[in-house]
Amino acid sequence: MDITPKLDGGVLKEILVHGNGTDKPHKGCRAYVHYTGSLSDGTVFDKTNEVPFQFTIGKDMTIKGFDLAVSSMACDEKSTFRCHPDYGYGLDGFEQIIPPNTWLTFEIHLLKWTWEDISRRKDKSITRQILEYGVDHATPSSVSLVNIHLEKEENGNVIEERDVEFRLGEGKDFGICPGIEIALTKFKKKEKSRLFIHGKHTFLEYGNDDFKEVYVIKLNFFEKFEESWSLTCEDRIEQAKFFKQKGTDYFKMDNYKLALKFYKKMEDYLKNNISIDENQMEEIKFLSVTSYLNSALCNLKSHRHTQAKNDCESALSLEPTNVKALFRKGEALVGLHELIAAKQSFEAVLQQEPNNRAAIAKIIECDKKLKSQKKIEKSVYSNMFEKFAKRDTEKEEEFLSQQPDVMNTLGEWGDDERERAPTEFEKENPNILMLNTTGYFKNM
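Going by my numbering, the sequence shown opens with residue 1, and the numbers climb by one from there.
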């Protein structure tokens with residue numbers, strides 16, 4: 001049986017033991033197999049022993065024929081495959097192991113596989129089973145308008161089914177959980193896939209990772225943005241303006257997360273955009289500064305102070321005296337509790353605009369917080385020193401308590417400590433030390 005997409009006879013399959021079910025792994029799945037590879041004359045050139053070979057299909061971890069072979073198998077299936085050199089090691093072979101232009105035979109046992117992990121952190125919290133492959137290579141951007149058919153499954157039954165059109169980033173308003181939005185950026189047009197989404201990417205309040213929702217999603221169509229590298233300088237500028245307007249629209253609706261995505265897209269289309277036209281370069285610079293300033297504002301609204309600070313610094317790298325960038329950087333630094341640096345940033349605003357009331361108010365605010373901070377630090381250090389002094393006193397008292405009580409045992413001597421026998425007076429008065437005429441203790 002020819003299993004090549006073009007039916008060119010490049011990979012021929014013979015099933016030895018049928019597997020279980022009809023599901024088969026696809027590109028992106030992690031497969032676990034035992035195999036034996038041999039040459040045309042039967043010489044074994046490679047095989048697994050006790051430990052299965054595991055690999056990700058379609059990631060160039062094996063030869064093309066091996067990928068196709070495993071992709072055609074059901075779980076626990078055993079089959080043999082004959083691979084043409086075009087699907088093996090080609091005309092050159094491989095070192096001294098595979099001769100040039102050689103057919104290869106593999107006997108493969110597919111033990112198991114895991115569905116493709118499409119989560120951002122690769123923690124298997126979102127996995128995909130492709131049911132119908134999509135067309136083209138393009139995928140939605142993080143802000144694309146998408147139209148999907150959705151089926152929610154529970155115990156193998158469809159409990160919800162609908163068509164929905166929405167912009168990525170707005171899914172919550174349409175009852176679309178975050179996991180679906182993340183997954184859709186990996187879909188191709190007309191693709192149909194089953195998604196397994198763990199709790200933290202659903203609407204569960206606390207994100208129970210033991211809980212899993214299952215959806216079958218088909219991407220009918222999506223809004224496609226031309227890649228920036230394929231556009232002229234003028235077209236990039238126009239596209240950046242479009243993203244700016246979209247971002248502003250969502251900002252006015254207090255949707256800072258989606259607004260930020262559009263401003264970041266704006267940045268992407270302006271980066272490395274070089275023109276010989278001086279007016280165009282000025283416009284690119286102006287729009288770039290605007291994108292950074294707007295991104296900073298979104299991050300400030302979302303209390304993402306480090307990101308806001310970075311955005312302001314990007315703007316200041318283009319315009320070192322930009323008042324908005326200096327002011328917003330100061331606000332970000334206040335949020336990071338870097339009050340001295342924040343005050344300096346607000347003072348830089350006053351160098352450009354001496355009567356800027358907002359900056360003056362922020363400087364007063366910084367001074368108050370610094371004063372309060374010093375008061376707290378003084379109290380903390382004072383208490384700390386008191387604790388250290390008390391601890392030292394306690395240690396000293398403990399040390400002294402362990403020393404012999406000299407005053408109560410003064411002048412008492414054991415017989416083994418004397419050079420002579422005690423006198424009658426010393427016997428009658430054991431606690432009295434006697435001095436000789438030189439002032440030294442007598443009899444010592």
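Glycine residues also receive a C-beta, built at the ideal position from the N, C-alpha and C atoms.
Since this is a predicted model, take the numbers as computed values, not measurements.
Asked: Own chain residues within Cβ distance below 6 Å of T4, not counting five before or after; Found: G10, V11
Asked: Unbroken stretches of the beta strand (DSSP E), 3 residues or longer, contained in the segment 164-204; Found: 192-198
Asked: Pairwise C-alpha distance: S314 and K285; Found: 12 Å
Asked: Contacting residues, own chain, Cβ-Cβ under 6 Å from Q239 (five flanking each side not counted); Found: Y269
Asked: Range covered by the beta strand (DSSP E) that runs through L91; Found: Per DSSP, L91 belongs to no beta strand (DSSP E) and is neither H nor E.
Asked: Alpha-carbon spacing of Y215 relative to L150, whole angstroms; Found: 7 Å
Asked: Neighbour-count burial assignment, N255, 16 or more Cβ in a 10 Å radius; Found: buried
Asked: Opposing strand residues paired with K47 [DSSP bridges]; Found: T36
Asked: Bridge partner(s) assigned by DSSP for Y215; Found: K152, L195
Asked: Backbone CA spacing between N49 and E153 [nearest angstrom]; Found: 40 Å
Asked: Alpha-carbon to alpha-carbon, I363 and Y263; Found: 29 Å
Asked: Per-residue burial, G169 [other beta carbons within 10 Å of its own, 16 or more giving buried]; Found: buried
Asked: Cβ shell of C366 (< 6 Å), same chain only, five flanking positions each side left out; Found: L339, A342, K343
Asked: Cβ shell of F196 (< 7 Å), same chain only, five flanking positions each side left out; Found: W115, T127, K212, V214
Asked: N273 versus W229 - alpha carbon distance; Found: 9 Å
Asked: Residues bridged to L110 (per DSSP); Found: V33
Asked: Simplified DSSP state of S71, which is helix, strand or coil; Found: helix
Asked: E181 to T22 span [Cα, whole Å]; Found: 28 Å
Asked: Same chain only: Cβ atoms within 6 Å of L370, ignoring 5 sequence neighbours per side; Found: L339
Asked: Cβ contact (3+ pairs, closer than 8 Å) linking the segment 54-64 and the segment 21-36; Found: yes
Asked: Assigned secondary structure, I98 (DSSP; H/G/I helix, E/B strand, else coil); Found: strand
Asked: Own chain partners of W413 with C-beta closer than 6 Å, once the 5 adjacent residues on each side are dropped; Found: The pLDDT assigned to W413 is 47, lower than 50, so where the model puts this residue is not dependable, and the model offers no usable value.
Asked: C-beta contact flag for G37 and F106 at 8 Å; Found: yes
Asked: C-beta contact flag for K224 and A325 at 8 Å; Found: no
Asked: Short Cβ contact (8 Å threshold) for N147 with N220; Found: yes
Asked: Reduced DSSP category for L270 - H, G, I as helix; E, B as strand; rest coil; Found: helix
Asked: Chain-order list of residues whose beta-carbon lies under 6 Å from that of Y89 (same chain, five-residue window excluded); Found: I98
Asked: Cβ neighbour criterion (16 or more within 10 Å) applied to R236; Found: buried
Asked: Under the three-state DSSP convention, the category F225 falls into; Found: coil
Asked: Per-residue DSSP class, three states only, for Q280; Found: helix
Asked: Residue span of the alpha helix (DSSP H) that contains K122, given as start and end; Found: Counting along the chain, K122 falls outside any alpha helix (DSSP H), and DSSP gives it neither H nor E.
Asked: Neighbour-count burial assignment, R130, 16 or more Cβ in a 10 Å radius; Found: A quick correction: the sequence has Ile, not Arg, at residue 130. Classification of I130: buried, given that the 10 Å Cβ count is 16 or more.
Asked: Residue interval of the beta strand (DSSP E) (run including Q54); Found: 53-56
Asked: Where L104 falls, given that 16 or more other Cβ within 10 Å makes a residue buried; Found: buried
Asked: Assumed close pair K78, L16 - CB separation to whole angstroms, cut-off 8 Å; Found: 4 Å
Asked: Straight-line gap, K375 to K368 (C-alpha atoms, nearest Å); Found: 11 Å
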